[in-house]
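Student: Can you keep this structure in mind? I'll have questions shortly.
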Amino acid sequence: DQLLWSSAEFNYLRLGDGFVQSSSIMPQKRNPVALEHARAIGSKALGQALAIVTSVHNTPFGDIVDTEDDLQPLVFAMFRDAMRTVRLVAAAMRTAEFDAPRLEARAGDGWTTLTELADTLVRDHGLPFQAAHAIAGRLIVARPEHPSQPLAELLAEVSGDVLGVPIRYSGEELAAILSPRHFVNVRRTWGGPAPEETARAAAASRARLEADEKWRQQATEALRAAEKSLGERSAAL
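Counting with my numbering, you get residues 95 to 331 for the letters of the sequence shown.
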């Protein structure tokens with residue numbers, strides 16, 4: 095997605111100069127090579143993970159050595175390439191510039207928020223979703239046929255056809271219902287895109303990351319202490 099966003103056709107994302115490369119034939123072109131390499135390296139790490147699973151899938155229980163020499167390099171290479179991918183993307187993202195106004199404007203194109211109209215009809219008027227879906231669907235069909243008619247009037251007509259009684263919203267209310275910002279803000283369910291929910295999820299992820307980092311540090315220190323103790327005891331023999 096980020097590679098697509100970096101293209102001239104979308105132009106949502108611009109990486110810093112250190113993470114792009116000029117085309118060999120078109121000097122004006124900014125190829126986001128950091129993301130291209132990250133995609134390949136990440137896929138390589140995944141391939142190595144699958145190779146590890148395949149290598150041991152038919153290994154029987156017992157005192158055997160058939161997978162040790164060939165398996166361990168795959169394990170180390172998998173972690174190395176996975177970390178390379180994360181570091182490369184993280185470094186590129188520190189320089190990234192996102193065109194938020196352009197993203198928000200495009201988010202409202204193509205009736206992408208029409209589901210929220212159906213959801214609003216369910217919440218505000220207690221309609222079955224099937225009926226609300228039918229009203230929203232008729233609205234989008236009728237719009238090209240009556241491009242100059244106010245959308246609120248058109249909604250009243252199609253809802254009247256479906257229900258027998260028109261549902262009326264003002265033009266301002268309908269614009270708010272269909273706005274991308276409202277579409278995001280109203281979805282506060284677990285895992286939803288509303289800012290308060292994404293902030294909660296980000297905080298939970300940060301807490302988990304801090305706990306994992308603390309465990310990693312403790313485990314690393316314990317291994318170093320064990321290695322030192324082993325060396326001292328070996329030297330004492």
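Every residue, glycine too, gets a C-beta built ideally from N, C-alpha and C. These numbers were taken from a predicted model, which means no experiment stands behind them.
What do you reckon, are the CB atoms on Ala212 and Ala230 nearer than 9 Å?
Tutor: yes
Student: List the whole-angstrom C-beta distance separating Arg232 from Val256, where the pair is believed to meet the contact cut-off of C-beta under 8 Å.
Tutor: About 7 Å separates the two Cβ atoms, so the contact holds.
Student: Do you know offhand how far Leu107's Cα is from Arg275's?
Tutor: 20 Å
Student: Under a three-way DSSP split, which group does Arg262 fall into?
Tutor: coil
Student: To the nearest angstrom, how far is the alpha carbon of Val114 from that of Ala176?
Tutor: 21 Å
Student: Does the stretch 280 to 295 come within contact of the stretch 241 to 259, defined as at least 3 CB pairs closer than 8 Å?
Tutor: The stretch 280 to 295 is not in contact with the stretch 241 to 259.
Student: Give, in chain order, every unbroken run of the alpha helix (DSSP H) that is at least 4 residues long and sits entirely within the stretch 162 to 223.
Tutor: 162 to 188, 194 to 201, 208 to 219
Student: Roughly how far, in whole angstroms, is the beta-carbon of Thr189 from the beta-carbon of Ile135, given that I think they are within contact range, below 8 Å?
Tutor: Rounded, the Cβ-Cβ distance is 19 Å, inconsistent with contact.
Student: Leu97 and Leu140 - do their beta-carbons sit closer together than 9 Å?
Tutor: no
Student: Can you tell which of Gly254, Glu210, Leu165 has its C-alpha closest to the C-alpha of Ala269?
Tutor: Glu210
Student: Look up Asn125 in the DSSP assignment and say whether it is helix, strand or coil.
Tutor: strand
Student: In terms of residues, what are the limits of the alpha helix (DSSP H) holding Arg282?
Tutor: First-last for Arg282: undefined, no H or E at that position.
Student: What separation, rounded to the nearest whole angstrom, lies between the Cα atoms of Asp111 and Ser117?
Tutor: Distance between the alpha carbons of Asp111 and Ser117: 13 Å.
Student: Looking at the structure shown, is Ser242 part of a helix, part of a strand, or coil, going by DSSP?
Tutor: coil
Student: Give me the residue from Glu266, Ala145, Leu317 with the minimum Cα distance to Val169.
Tutor: Shortest Cα-Cα distance from Val169 to any of Glu266, Ala145, Leu317 involves Ala145.
Student: Do Arg124 and Ser100 have their C-beta atoms within less than 9 Å of each other?
Tutor: yes
Student: Note the first and the last residue of the continuous alpha helix (DSSP H) segment covering Ala319.
Tutor: Its alpha helix (DSSP H) spans residues 289 to 330.
Student: Inspect the beta-carbon positions of Met172 and Ala143 and report whether they are closer than 9 Å.
Tutor: yes
Student: Who does Arg108 pair with in a DSSP beta bridge?
Tutor: Glu191, per the DSSP bridge assignment.
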